[in-house]
Structures are given as structure tokens and as C-alpha cells.
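Q: Provided herewith is a single structure, encoded as C-alpha cells, for subsequent inquiry.
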Amino acid sequence: MFGRGIGSAAAPIPNIDMTAALASLAMPSPVLTASGCAASGRELDQFFDITKIGAIVTKSVMLRPRSGRPTPRMCETPSGMLNSIGLQGPGIEDFIEVDLAWLEARGARTVVSIAGESVDEYGKLAQKLRTAGGVDAIEVNISCPNVSDRNQVFACDPEMAANVIQTVRRQSDSQTPIFAKLSPDVTDIAAIARSVVRAGVDGLTVINTALGMVIDVETMRPALAGVTGGLSGPAIRPIALRCVWQIRQALPDIPILGVGGIRTGLDALQFILAGANAVSVGTMTFNDPSAPMRVHNELALALQERGFGSVSEAISYGHRGADIFEVVGEGEIEPE
Amino acid sequence: MPLQVRGEVLDVRRAGSYYVLSITALGIPEQYRPGHFVTIGIGGEESGLILRRAFAIHQVQSRGVYGGTLDVVVGVQGKGTRWLSERRRHDTLDIVGPLGKPFILPKEGVPCVLVGGGYGSAPLFMLAEQLRERGCRVDVVLGASTEEKLYGVLDIKRVSSMITITTEDGSSGTKGRVTDVLPDIMERNNSAVVYACGPMGMLAAVAGIAAEYRAYSQCSVEESMACGIGICMTCVLPVIGDDGITRMVRSCVEGPIFRGDLVRWDEIGTIPADALGAPALDMS
């Protein structure tokens, strides 16, 4: 039986407080879309009411229009996919005029994901968004693996990551929450998390894709024109969950948006139990365009079945019994 | 507007090297126009094959005992299409559609030629019917590498003025490719519009011939896609816009039907240097 689309709408809605918050962003649902997996919401609005989920996280936008990488850009992998889109998009001005204006008129909450090639570009993007309407939060994509210089992923270096965040913080409206999207391709993700928190970020999006590769055994060449690409989907879910858990242990109070291979309400519940305040449904939206709404409904049912009255009661519940403040080390973190 | 529906398999039948699936899909046939496609989820809810597969809609019946039904033609190319070919009556499928922009039909009864490569003939049947209803002459050219890879030769005869078959191995019809016979047919019938569906190489060649004969061409492209609804940005190809600017456009929502003279066929798989947002030229 397919619990999707038309099926899920018919299920009784449990009496659970599904409201969620990421820093100052209050939402009626803890389920959001993920950057790069929902465009700017318009296409998905054909399949479910996008104002009913937490927020639309828009595809990372850059300063200027960008064509992205050549095709093939995509390759299916076991329980996942590899992509090297290369941040194709209309550029910030067109985005504000067309996409953001549409989202605001539609009444959807919007987290705008931005990506720059330099610290300066991130600053300019934040400046442009400062005067635009309809920006409920900014997600700083410092971890896209599909940039020209893959050795220059900001999220792999605590200092560079902090520089970007400081600049965006300075250029943004102080009322707009800023999240940093982290890469799993690091030795110590908690160290990166601490660094961006010190730099003034209001929350963390955990995680972006993991860098991967497939070789086509017929052509005996890399399957993607971009050679390597970002791995996403259920294949990376355990990695994403581990990252959320580790960061929650290191930083007990920082808002976390958990992302990585969430397909069902029970997957979302795992992230919330690990410490996520909200979750994004990403790649599985390609599989099921109703997935964000369906996951919301399934999560409500899963919470009810476990005796929770609200989402917030379940956050970090998986850590109970452990003193999560103990793992911080060196006493350098002051809980917010 | 596309719908996501749970369809029931009514029938799976072999046709040459292909499988034809008839599926109930309430609400989709009613909106169908020739050229539309559907995507089908593979392997059920727990499947490790997470990407939907896209298929041109072959036939629809809007009414009948089952309500709306549609047919798709499946060529087994990998695990996903194999799974689909193994479905049986009463199995359920997750269907999204109708998707994409349909073929544009001429207002008047002008001579048309329809070119299908392999099971690329699938979307041409109902197109042929609708063109005939408008008083168009409909010539059909179907080609494949070998006879069993042709699809629907007998059925399409009923809705065409004349049918020409080509196979690369000569097992049926003229030995060669569709492009070997197309110029003659266009010349003889004064074809005004060429409709084509098949592999990219064939489409590029057909678009070139159409341009030579100053005919309008409508090509249905097959780019690999992850979502089919416009959110993943994987199925892009370089297409020239009304403003003369080349953009990397999504074949799922801006296509899959494109005017043949606007697609930069030779540059598919690249980012043309003059495309909007192309990387700056390295002048060093």
C-alpha cells in the first residue's frame, strides 16, 4: 500500500502539537524542504499546500545567473543518487524578483539558501536579501561539493567557514536568523559547528551531500560529466544522523535542521530524537513529490504512538540518561 | 495540472522486445494531450531504486469500466524497467502525470510526417489520430536497429496515410536509417511539419532535414531525469529562447517537446560558451 499522495491525506490527523522553531523562525510543522530538492516551491505546490509545511528552503542562489555543469549530471546509486548540477540558477536579482516574490505572495515561509565563490560574494548576497521581502531565514551553503574548486569547500575549514558566517551576519538584518549548512566530509564536524556558532550563526543545517563517484563500466569513464558529485538519499541517512547526534552532544542549545535521506515519518523521528529541532526532506521529494507533507503526517502519528504530545518533547529524547554537557571538552562553549 | 495517483495494472503484454503496460490512472487521461509523459515509482515504498522512470504516454482511454486508463511502452534497459516489465494484473503503481509540454498541432490541415525511433513511436499514435481529425495528411516513418525493436507498425498503419519502415540490419523495410528515407517523403508530400521522438542522434538529424526543407519540427527529447516535475535540474539541454539567448532548460517542464531548430543538438552534454550563466572564458 502506498502511503503517499492521495492516501496520506485521508489518514486521521493526530492531536499533536506539530509547531516547531529554528531560532526565531516559528513554523506550523517541523518538516521543511531541502535546498536543491524543491526549486523555489512552485512545482511542489501542485502536489501539496506548501504553506502547510515548515518552510521552503530554496535552491542555493548565487550572485549572477549560472548555467551549472554539463550533463550527465545525475546517476542513481544504491538507495541514493549522485548529482553534479553545479548550482545552476537565475542569480540573486532574478530570484528576488520572480521566485521570492511568488513565495511571499503564496504565503509560504522561506529559507533562502545562498552560495558564493568568495567571502565577498556571500556578503553581497546577504546585502541584496536585506532589502528583499519574504526572507524568513538565510541558509548559508558553505558546503556545496559542486563548486569549481572542490578543495575550497568553506565548510571543510573552521576558519574559512567562520569568515563567511561573520560576513553574512554583518550584512544581514539582525532579525533574520542565519543557518550554516555543514558538510559531512570532515574529520570533526563538531569542531566546524563550534567555529560557525562562535562566528554568530543562529542554527545549523546538518548535512549537505557527501562527495562520491561512480564509474560507468560500459564507457569505463566517470558516470558524471563533473567526475565527482554529491551523494544524497537514504544511503547517507546514518551519516547525517550521526552528525546531528555529535553536534547535539557538543552544542546542547544550537538549533539544528536535520537533513539526509529522510523518506518516512519514522526517519524524521530518528533525527528529532538525535537532537534536530526540525528536518528537511530532500532527495526523496524526487521519488515522491508529496513527501514533505506525507512525512509531516507520518511523524505526527509516530509521535502519538509513542506518547508524545508535541514535537518539542521529542527533541534530543534519544540522548536521555547521558549528560550531554559533559562531552563539550575544554569548557570553551557557553550554552546559549 | 499534474496529479499523483495510485494506479492499478490492468494488463502487461509483450510487443517485440518491449512491454506495454495498461494502468488505471484516475484524472490523468482526462488531461492528456499527445506528447505528455508520466513518471512511475519503482519497487514500492522501501525500494533502493529511488528515481522515478519517465515514459511517454502511448494511449489513453478516458472512460470505460476502469475509469481513465493509460498505456506506456517499456523497453527493458536496467533494473527499474525490468521491475516494471515484471508487474502483473492488480499490482499497484505510483504514477505522476500528465507531465511536460505536449506537441503543438497545426491549425490547418497541412501535410505532416511523424518519425519514431524504436519505441519512440509510442507518443505518435494519438498524435496521428488528432492530426487526421484536423484534416492533416499523416506520413509515418518508423526505424530501429532491427525488426523486433520496432514498435506498433501494424497499429499505426490504421491512422497514417503512408508508412515507411527502416531497419539498420535490413530485417524489415528499407535497410538504413529513418534519415535515409525522410528527405524523399518530405519532398513528395510537401511536408510542412515534422514530429519526431527517439534517440538524440536521430532527433538532431531529423531536425536538420526539417530545416533544409523549411518545415517546422517538433522533437520529443529523452534526457535522463530524476524528478520529472522541474525541481532537480538534471535533465537540462541548451535551447535558444525567443530572445535569441541560449539557456540550459529543463526538458521535463520546458520540454520534452522542443522546436528542432532551437535545440543546440551538437552541444548537448556541454555548456555552450554563450549560454546564459556559462562559466567565464579562461583567457589565460
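Protein sequence lines correspond, in order, to chains A and B. 111 is the number of the first residue of the first sequence in the numbering used here; add one for each residue after it. 77 is the number of the first residue of the second sequence in the numbering used here; add one for each residue after it. Note that CB positions come from ideal geometry on N, CA and C, so glycine has one too. No experiment lies behind these values; they were computed from the predicted model shown.
1) Are the C-beta of residue 352/B and some C-beta of chain A separated by less than 8 Å?
2) Can you give me the Cβ contacts of residue 92/B inside the same chain, cut-off strictly under 8 Å, excluding the 5 residues immediately before and after it?
3) Could you check whether the segment 187 to 196 of chain A touches the segment 240 to 249 of chain A, counting it as contact only if at least three pairs of C-beta atoms, one from each stretch, sit closer than 8 Å?
4) Any chance the segment 413 to 429 of chain A sits against the segment 134 to 149 of chain B, with 3 or more Cβ pairs inside 8 Å?
5) So the candidates are 213/B, 321/B, 350/B; which of them puts its Cα closest to the Cα of residue 338/B?
6) Using a Cβ-Cβ distance cut-off of 8 Å, determine whether residue 175/A contacts chain B.
7) Closer than 9 Å, Cβ to any Cβ of chain A: which residues of the segment 289 to 308 of chain B, in chain order?
8) Is there a C-beta anywhere in chain A that falls below 8 Å from the one on residue 175/B?
9) Please report the distance separating the alpha-carbon of residue 59/A from that of residue 171/A.
10) Which chain B residues sit within Cβ distance under 8 Å of residue 191/A?
11) Since residue 391/A and residue 144/A should fall inside the 8 Å C-beta cutoff, what is the C-beta to C-beta distance between them, to a whole number of angstroms?
12) Looking only at C-alpha atoms, which of 199/A, 220/A, 214/A, 211/A sits nearest to residue 226/A?
13) Whole alpha helix (DSSP H) runs in the segment 342 to 398 of chain A with 4 or more residues, listed along the chain?
14) By DSSP's criteria, residue 249/A is part of a beta bridge. Which residues make up the other side?
15) For residue 318/A, which of helix, strand or coil comes out of DSSP?
16) Would you kindly check if the distance between the Cβ of residue 295/B and the Cβ of residue 283/B is under 8 Å?
17) Taking only beta carbons into account, state which residues of the segment 319 to 338 of chain B come closer than 7 Å to chain D, listed in chain order.
18) Residue 332/B bridges to which residues according to DSSP?
19) Counting only runs of 4+ residues fully inside the segment 221 to 274 of chain B, write out the alpha helix (DSSP H) ranges in chain order.
20) In chain A, which residues lie with their C-beta within 9 Å of the C-beta of residue 135/B?
21) Using CA coordinates, which residue listed in 334/B, 153/B, 353/B, 298/B is at the minimum distance from residue 323/B?
22) Check residue 280/B in the structure and name its three-state DSSP category.
23) Whole angstroms is fine: what's the gap from residue 313/A's alpha carbon to residue 113/B's?
24) Does any CB atom of chain A fall closer than 8 Å to the CB of residue 145/B?
25) Does DSSP put residue 160/B in a helix, in a strand, or in coil?
26) With a threshold of 8 Å between beta carbons, is residue 318/A in contact with chain B?
27) For the segment 361 to 379 of chain A against the segment 204 to 214 of chain A, are there 3 or more C-beta pairs whose distance is under 8 Å?
28) Measuring only the C-alpha atoms, how far is residue 278/A from residue 312/B?
29) Determine the direct distance from the alpha carbon of residue 310/A to that of residue 276/A, and round the result to whole angstroms.
30) Quick one: what's residue 170/B bridged to in DSSP?
31) How long is the line joining the alpha carbons of residue 265/B and residue 341/B, rounded to whole angstroms?
32) So residue 190/B and residue 216/B are supposed to be a Cβ contact under 8 Å. How far apart are they, rounded?
33) Is the CB-CB distance between residue 409/A and residue 375/A below 8 Å?
34) Using the three-state DSSP reduction, which class does residue 202/A fall into: helix, strand or coil?
35) Do you know whose CA, among 234/A, 285/A, 420/A, 150/A, lies nearest residue 215/A's CA?
36) To the nearest whole angstrom, what separates the beta carbons of residue 220/A and residue 235/A, a pair I think is in contact under 8 Å?
A: In short, the structure shows the following:
1) Chain A contact via Cβ: present.
2) Excluding positions up to five away in sequence, the list reads 223, 224, 225, 226, 227.
3) These segments do not touch.
4) Of all C-beta pairs linking the segment 413 to 429 of chain A to the segment 134 to 149 of chain B, fewer than three are shorter than 8 Å, placing the two stretches out of contact.
5) When C-alpha distances from residue 338/B are compared across 213/B, 321/B, 350/B, the shortest belongs to 321/B.
6) The Cβ of residue 175/A sits closer than 8 Å to at least one Cβ of chain B.
7) Going along the segment 289 to 308 of chain B in chain order, one finds 299, 300, 301, 302, 303, 304, 305, 306, 307, 308 with a Cβ nearer than 9 Å to chain A.
8) Taking Cβ atoms only, chain A never reaches closer than 8 Å to residue 175/B, which makes this a no.
9) Because residue 59/A is not part of the residues shown, which for chain A are 111 to 446, the question remains open.
10) Under the 8 Å cutoff, chain B gives 126, 127, 302.
11) In this structure, residue 391/A and residue 144/A form a Cβ contact; the two beta carbons are roughly 7 Å apart against a cut-off of 8 Å.
12) It is 199/A whose Cα lies nearest to the Cα of residue 226/A.
13) If only uninterrupted alpha helix (DSSP H) runs of at least 4 residues are considered, those enclosed by the segment 342 to 398 of chain A are 347 to 360, 375 to 384, 394 to 397.
14) Among the bridge pairs identified by DSSP, residue 249/A is matched with 223/A, 289/A.
15) In this structure, residue 318/A counts as coil in the three-state DSSP scheme.
16) A contact, by the Cβ cut-off of 8 Å.
17) Of the chains in the structure shown, none is chain D; the protein chains are A and B.
18) Answer is 177/B, bridged to residue 332/B.
19) Runs of the alpha helix (DSSP H) lying entirely within the segment 221 to 274 of chain B, each at least 4 residues long, are 229 to 233, 254 to 265 in chain order.
20) Ordered by position in chain A, no residue passes the 9 Å Cβ test against residue 135/B, which lies about 24 Å from the chain.
21) Its Cα nearest to that of residue 323/B, the residue 353/B stands out among 334/B, 153/B, 353/B, 298/B.
22) It is helical.
23) Distance between the alpha carbons of residue 313/A and residue 113/B is about 41 Å.
24) No, no contact with chain A.
25) Reduced to three states, the DSSP call for residue 160/B is helix.
26) Chain B, which has no Cβ nearer than 8 Å to the Cβ of residue 318/A, makes this no.
27) No, the segment 361 to 379 of chain A does not touch the segment 204 to 214 of chain A.
28) Residue 278/A and residue 312/B have their C-alpha atoms roughly 31 Å apart.
29) Taking the Cα positions, residue 276/A is about 6 Å away from residue 310/A.
30) DSSP output for residue 170/B lists 82/B as bridge partner(s).
31) Between residue 265/B and residue 341/B, the C-alpha separation is close to 26 Å.
32) Your pair residue 190/B and residue 216/B checks out as a contact, with CB atoms roughly 5 Å apart and the cut at 8 Å.
33) Yes. Within cutoff.
34) Here residue 202/A carries a helix assignment [DSSP, helix/strand/coil].
35) Checking every option, the nearest Cα to that of residue 215/A belongs to 150/A.
36) Not confirmed; about 15 Å, so no contact.
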